[in-house]
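What follows is one structure encoded as structure tokens, with my remarks underneath.
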Amino acid sequence: MSRYEIPQMVYDDLETFKKNHADFLAGTLDELTFKTMRVPFGVYEQREANTFMVRIKLAGGIVTPKQLLTLADLAQKYAHEAIHITTRGGAQLHYVKIEDIIDIITTLHSIDLSGRGGGGNTVRNVMADPLAGTAQDEVFDVSPYALAITSKMLEQKDSFALPRKFKITFSGSEADRGYATIHDVGFIAKIQDGVKGFKLFTAGGMGAKSRLGTLLRDFVPDTEVFLYSQAIKQVFDKYGNRKNKHAARLRFLFEDLGLEEFNKLLEVELEAVKAKGDWEMPITEIERAQGDTTHEPFTVPENIKKWWNRYVYAQKQEGLYGCKVPVHLGDIHFENARALANALLPYGEDVIRFTGDQNLYIRNLTAPQMASLHDILQKFSVEVSKPTLFGDMVACTGAATCQLGIARPRGAVDAIQKRLNKLIDERDYDALQGFKIHLSGCPNSCGKHLIGDLGFFGKVQRNEGYSYPAYNVVAGSRTSGDGSVYAQKAGDVAAFHVPAFVEEVLDTWLKHVKAYKSFADWIDDCGLAIVTEISKKYVDIPSFKEDKNPYFDYDAVELFSLKGRGTGECSAGMYDLIEADKKALKEALEKEEKDYELIRLLSARMLLVTRGEDARDKVGVLKAFKQHFIDTTLLNAYFGTMLEGDADEKSIELAEEVIKLYESMDHTLKFAKEKELAAAANAVHEEKAVHFKDLSGVACPMNFVKTKMELSKIGSGEVLEILLDDGAPIDNVPKSVAGEGHKVEATTKEGNGWRVRIVKK
Amino acid sequence: MRDFSDEELERYSRHIILQDVGIEGQEKIANSKVLVIGAGGLGSPVALYLAAAGVGEIGIVDGDVVDLSNLQRQVIHTTADVSVPKVLSAKAKMEAINPNVKVTVYQKFLDASNILDIVKGYDFVIDGTDNFSSKFLINDACVLANVPYSHGGILRFGGQTMTIKPHESACYACVFDSPPPANAIPTCSSAGILGAVAGMLGTIQAAEALKYIVGVGDPLYNRLLTFDAKSMNFRNVNFKKNPKCRVCGGEGIKEIRDYEAVVCEAKL
Ligand code: HEM
Ligand code: SF4
Ligand SMILES: [Zn+2]
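Line by line, the protein sequences give chains U and B. Last residue of the first sequence: number 761 in our numbering, and the count goes up by one each step with no gaps. Last residue of the second sequence: number 268 in our numbering, and the count goes up by one each step with no gaps.
Listed below in structure tokens is the structure:
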């Protein structure tokens, strides 16, 4: 089996989604609510309004020829003719119309593929070493684990409403080609005392505050892969920071807790998962064609030799070969996909892998079979006939379609290739086999710039008041199970000069390549300073009057600007849902003619998601509301009386109360009252009213100013609690507050920052 | 308690951080109304600082238009404003600095017929005029209307200022009684003035106004602050309220009359 299993729950969810989709098209479901439903299905809006993309999970990058054929059909019919390979080895269909979404998802289900958890705050596509099952150096084949855990995770309800995304991967060897050391949960194959298992890393990831994973267990038997993944996920689910999506990833929680505390919480969850049962994960090995060892030794024909040396590799199975196929910017035209799929159909299911560097591998073919593909592959991309340097460039979608994008890395890749291509006969780019150039449009790292040899991520620069697109340069990453290292900052360059900069860096590196084991070694030795020096030549651009070109990004028809840049919807989640209801509620409250029934429904529904309820019909909503908010005494029993019979003007009081409650909610979804109740249960409880202000993310001295504002609103002797960031805020604000004569009663670590309790003088 | 917007909190953050000002003090500033008489050498810095500070309403009085020779010290006006009424030029700058401030303009010179009505509506008055007759007129009006005010005067390299709380502290007339005879003082055009001296004194007056509004510190009551920019010596000269003062004493004035004008040619 080379497929994961889609559990019944996903089909059930699809039925609900179909209804919502129909409502949305009919105009009876608002856009925001619909968004929170489509994103967890992997359906995102692109930067251009009303165009969408569908992200598809390919566990371990595995695609069967049959699946590829169907993807080709979908691409032709709905998606501008291209299948896109993502930077995590999944697939995407771009430019789809919202009307076609259901057809696409249904077709995907028919070939055992799902977009569920493709986006949003979910367990994302599970990756694996693209060479898994074939690599000479691997300990054992990790592909079956990627498939099995994908099926398992799809079955768990909690996989789809996490504080933020959650990424799992598998590497077959210490070379860590699956990037276990930079994932939320990363496994590296290992055999100990004859038992199959894994080294387990956790809390790695790129983006804001990138972090390398921490080695959590030196050995976890393979039977416990799900056990550990699920338990870590539960720790994340319970304690992760939901309120601030910029500090929500597991790595932030881990940094807060520290290894020891994290382990304590993990032990509790491990027990809980075990107690629940059904944690052992069935593994089905992937059947493999036998290598053709009887064949005459194969001589590679002269005319394809260059290609063969660059891209074909001998598998660990004698007589079998794999081959890397560079795909230009990860886009496969449907005709190419179809031709390849048809050619591979006779050779079984396990013959294609999509990779995180936006290319694909063919595998499990005999040498003559592989050689026979040469002609088909030549059409695949221009890179096929070039050194690997060309095909190994990775770029995220960037500002062309991504709402968070600053620069347009795909255009930059084209420009780099164009420039290097002119030199291809003069320079020995084959000496740079394996050199990786990675670009992201912004610091979010979807283009994985931190794990490139040379990496770029978008930024804005200004010249005489005009903005122009530019990149931060990073260089010299390493990946290995002994400890990975991210590329380090090496300078800034104008987007316009990126090709010339790359050319000069490569020229310089070519002079040293023989003297060093790797580019990273050179960077560490003396290369960093050299690259920085080079970058300085390429950061400035002519004035706008002299030359306007540098003020346009690649492929852009408009002058560069941050216009249209929005907040990404890649983490649309619970807060959007609540905000949607709150907005509707406020509107209903402002209406002259009040619809009490609607006000009551919205009030009751607004906060249900925080309790994990998703009832949407009236009876279900009111019942769940009573259970979670009245019976728990979070709200006075008086409000319970409003839930029976027809709604009347008292619903307005209910609405006000619910909004107040929401305002008292902290980022772990606890209400102030809840904490009070908990404290009351612990006997000692102070009577004073507690006021609260979240000042996390507010810098000095505005945090102090706002604290004074809050203090001015309350009476002497009353208590104000504030949240402050670590660093300067916590160092300064309490001192200043105390300096004004107020009493700072307690300072406790909370999330990334601090909770400070102040009694007004 | 007024809820400052985030924009306001940030704009006034350096006030609010001051323990003696704080939210409460800033709120007092925002609720206050100050009248600046004269949009010249003294009025320029005063109006700029009060607007920047967020004084809720500022009235500004001047009947003149901007002249090229003003620009050496009247920093609220620019070269482009030459020939524009001073109050309009000033209003534009104040609003540019702080759109939260309401500016009311009086494009006229004050005299006995109009001064009382205008002064009455304000919490504090700044005397930024350039002649003795106006200064005595302002003193009379403020005492009659019971509005505190800041007196200021400058000449060559020197300046003097005091703050007056009518009936509580010494008034201008307690100290100087009445304008000097017309020929007893050098005419201002022949005397001249160092531009920066106007700035020094004006900012002291602005600070006094803000201190008074917030209710912090010791205003220049019962003392005349004088300085000489050449030596940079500052001096406080103490006075007492004169119980027999022509203006604020027991028999004090009951109505307003004009003083004989001794107008300075080179307007301060
Ligand atoms: C409009 C918003 C965004 C779009 C369109 C986008 C797109 C993508 C895509 C297509 C991938 C490959 C995904 C896969 O196959 O599973 C990816 C990976 C990634 N995304 Fe995003 N992304 C967005 C927002 C963000 C944000 C806000 C962050 C971080 C704060 C982020 C961080 C990453 C990282 C670190 C990876 C890459 C590599 C990895 O973990 O292996 N993305 N992104
Ligand atoms: S790196 Fe930035 S620009 Fe690129 S896809 Fe991610 S969020 Fe968008
Ligand atoms: Zn007097």
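Virtual Cβ for every residue (Gly too), placed ideally from N, Cα, C.
Where the alpha helix (DSSP H) through residue i begins and ends
i, result
"H77(B)", "Premise fails: H77(B) is in no alpha helix (DSSP H) and is neither H nor E."
"I275(B)", "Lying before the first or after the last residue shown, residue 275(B) is absent from chain B, which here runs from 1 to 268."
"D375(U)", "367 to 378"
"H84(U)", "Per DSSP, H84(U) belongs to no alpha helix (DSSP H); it is in the beta strand (DSSP E), 82 to 85."
"W509(U)", "498 to 512"
"Y486(U)", "Segment: none, Y486(U) is in no alpha helix (DSSP H) and carries neither H nor E."
"D127(B)", "First-last for D127(B): 124 to 127, but that is the beta strand (DSSP E), not the alpha helix (DSSP H)."
As assigned by DSSP and simplified to three states, the class of residue i
i, result
"D492(U)", "strand"
"R310(U)", "helix"
"H742(U)", "coil"
"C323(U)", "strand"
"K688(U)", "Residue placement at K688(U) is flagged as unreliable, the pLDDT there being 49, under the threshold of 50; a coordinate-derived value is accordingly withheld."
"D6(B)", "helix"
"D525(U)", "helix"
"M9(U)", "helix"
"S133(B)", "helix"
"E533(U)", "helix"
"Y762(U)", "Outside the shown range of chain U (1 to 761) lies residue 762(U), about which nothing can therefore be said."
"R246(B)", "coil"
"E271(U)", "helix"
"F390(U)", "helix"
"F187(U)", "strand"
"K36(B)", "The residue asked about is misnamed: residue 36(B) is Val in this sequence, not Lys. Looking at V36(B) - three-state DSSP - the assignment turns out to be strand."
"M765(U)", "Outside the modelled stretch of chain U, which goes from 1 to 761, sits residue 765(U), for which no answer is possible."
"V195(U)", "strand"
"D228(B)", "strand"
"T567(U)", "Unreliable placement is indicated for T567(U), whose pLDDT of 46 sits below 50; the coordinate value is still reported in the next sentence. T567(U): coil per DSSP, three-state reduction."
"Q160(B)", "strand"
"N549(U)", "helix"
"R124(U)", "coil"
"T187(B)", "Interpretation of T187(B) is limited by its pLDDT of 46, a score under 50 that renders its predicted location unreliable; the figure taken from the coordinates is listed afterwards. Residue state, collapsed to three classes: coil."
"E383(U)", "helix"
Residues that residue i contacts on chain U, provided the C-beta gap is smaller than 8 Å
i, result
"F4(B)", "M709"
"G22(B)", "K708, S712, E740"
Chain-ordered chain U contacts of residue i [CB-CB under 7 Å]
i, result
"G25(B)", "None at all; the shortest Cβ gap to chain U is about 10 Å."
"E10(B)", "M702"
"I17(B)", "P701, F704, V705"
"S13(B)", "P701, M702, V705"
Start and end residues, beta strand (DSSP E) containing residue i
i, result
"S467(U)", "466 to 475"
"D218(U)", "214 to 221"
"S150(B)", "149 to 155"
"M331(U)", "Checking the displayed sequence, the identity of residue 331(U) turns out to be Asp instead of Met. First-last of the beta strand (DSSP E) with D331(U): 331 to 333."
"G240(U)", "From DSSP, G240(U) is part of no beta strand (DSSP E); its letter is neither H nor E."
"Y95(U)", "91 to 96"
"R462(U)", "454 to 463"
"R235(B)", "233 to 238"
"A753(U)", "Correcting the residue identity first, residue 753(U) is Gly in this sequence and not Ala. Counting along the chain, the beta strand (DSSP E) containing G753(U) begins and ends at 753 to 759."
"R353(U)", "352 to 354"
Contact list for residue i against chain U, beta-carbon separation under 9 Å
i, result
"G199(B)", "Under the 9 Å cutoff, chain U gives no residues; its nearest Cβ is about 28 Å from G199(B)."
Margin query: If contact is defined by three or more beta carbon pairs under 8 Å, each pair taking one atom from either stretch, is the region 202 to 222 of chain B in contact with the region 124 to 135 of chain B?
Written below: yes
Notebook entry, point to check: Whose CB is closer than 5 Å to a heavy atom of ligand 3? List the residues in chain order.
Noted result: C171(B), A173(B), C174(B), C245(B), V247(B), C248(B)
Check: Okay, do the region 42 to 50 of chain U and the region 60 to 79 of chain U touch, 3+ Cβ pairs below 8 Å being the bar?
Finding: no
Next item on the list: Tell me, please, whether the region 205 to 218 of chain U touches the region 133 to 146 of chain U by the rule of three or more beta-carbon pairs shorter than 8 Å.
Entry: no
Item checked: Inter-stretch contact at 8 Å, needing at least 3 Cβ pairs: the region 370 to 390 of chain U / the region 100 to 114 of chain U -> no
Note to self: Would the region 83 to 101 of chain U count as touching the region 122 to 131 of chain U if we require 3 or more Cβ pairs under 8 Å?
What the structure shows: yes
Check: Taking one C-beta from the region 312 to 326 of chain U and one from the region 355 to 370 of chain U each time, how about it: are there three or more such pairs within less than 8 Å?
Finding: yes
Notebook entry, point to check: Do the region 94 to 112 of chain U and the region 8 to 24 of chain U make contact, defined as three or more Cβ pairs closer than 8 Å?
Noted result: yes
Margin query: Would the region 629 to 642 of chain U count as touching the region 650 to 664 of chain U if we require 3 or more Cβ pairs under 8 Å?
Written below: yes
Check: Within the chosen definition, does the region 66 to 79 of chain B reach the region 34 to 48 of chain B through at least 3 CB pairs nearer than 8 Å?
Finding: yes
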